[in-house]
Ligand code: CTP
Ligand code: CA
């Protein structure tokens, strides 16, 4: 099929993709969040669709209008994202985790607004489930692509995540500092897979998303060859 439709190498392939940040409530009006804009994930969802994929997007809160996709599911917390992904994991051939999922959530969010009664406030956090690792551990597992946001030793940590989570591919992203990937128009990625690596140089996010989508398609088809 790939040879017959070179422009649509992912024709009919069902993709599940997470994007954006998550918000972890502290009380009814406050949350713990992060600086992910969701732009890379939305652009990748669009680029995979252009290659023929049927993309379901599970998105945390962003300021973006989703592109036309098979399905868009909006969530707020990591636990909600986890539930929506696990419910759909067996119905996809390809999973892409671009979301900046909060690693921790407040243990016991307050039911009413926290008042500034005390000079200091302690908040206890507990670990969120690792959505990507859970999807990769399923049997059968979809072809699984992760992202790694790192401020230092980018390749070293990304390779660790590829191996530890049992991923098929990981796209590593330098964040923070002048060349960081969050809240920026441009980005660069180092993509790793078992036995290979490719650097995608600094470029506008939509173009980078297209280059990454093509590389994902290439590795996915190789995997299923
Ligand atoms: N991820 C996930 N669920 C989580 C945390 C992360 O699915 N609870 C996914 C992200 O979507 C990303 C990948 O795991 O594709 C790596 O996220 P990252 O934050 O870079 O790594 P962590 O494994 O969370 O490790 P750490 O934050 O300690 O570097
Ligand atoms: Ca993390």
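In the UniProt record's numbering, the protein residues as written are 176 to 400.
Don't be surprised by glycine CBs; every beta carbon is placed ideally from N, CA and C.
Predicted, not measured: the structure shown is a model, and the values here were computed from it.
{"Asked": "Write down the C-beta distance between residue 231 and residue 191 rounded to the nearest angstrom, noting that I regard them as a contact closer than 8 Å.", "Found": "5 Å"}
{"Asked": "Secondary structure at residue 224, three-state DSSP: helix, strand or coil?", "Found": "helix"}
{"Asked": "By Cβ distance, which residues of its chain are closer than 6 Å to residue 208, with the 5 residues on each side in sequence left out?", "Found": "196 and 198"}
{"Asked": "Are the beta-carbon atoms of residue 349 and residue 329 separated by less than 8 Å?", "Found": "yes"}
{"Asked": "Nearest to residue 254 by CA position, among 237, 271, 272 and 279, is which residue?", "Found": "279"}
{"Asked": "Could you give the first and the last residue of the continuous beta strand (DSSP E) run that contains residue 280?", "Found": "279-281"}
{"Asked": "Measuring straight from C-alpha to C-alpha, what distance separates residue 187 and residue 290?", "Found": "52 Å"}
{"Asked": "Where does residue 338 land, buried or exposed, given buried means 16+ other C-beta within 10 angstroms?", "Found": "exposed"}
{"Asked": "Give me, in chain order, the residues of the same chain whose beta-carbon lies closer than 8 Å to that of residue 296; leave out the 5 immediate sequence neighbours on both sides.", "Found": "289"}
{"Asked": "Relative to the C-alpha of residue 300, which residue among 313, 284 and 294 is closest?", "Found": "284"}
{"Asked": "Locate the beta strand (DSSP E) running through residue 269, then write down its first and last residues.", "Found": "269-272"}
{"Asked": "Suppose the cutoff is 7 Å on Cβ atoms and the five residues either side in sequence are ignored; what does the same chain contact list for residue 176 look like?", "Found": "A caution first: residue 176 carries a pLDDT of 49, below 50, which makes its placement in the model unreliable, though a value can still be read off. Hits under 7 Å: 186."}
{"Asked": "Whole angstroms is fine: what's the gap from residue 265's alpha carbon to residue 318's?", "Found": "11 Å"}
{"Asked": "Are the CB atoms of residue 240 and residue 213 nearer to each other than 8 Å?", "Found": "no"}
{"Asked": "With DSSP as the reference, please indicate the residues paired to residue 231 in a beta bridge.", "Found": "191 and 246"}
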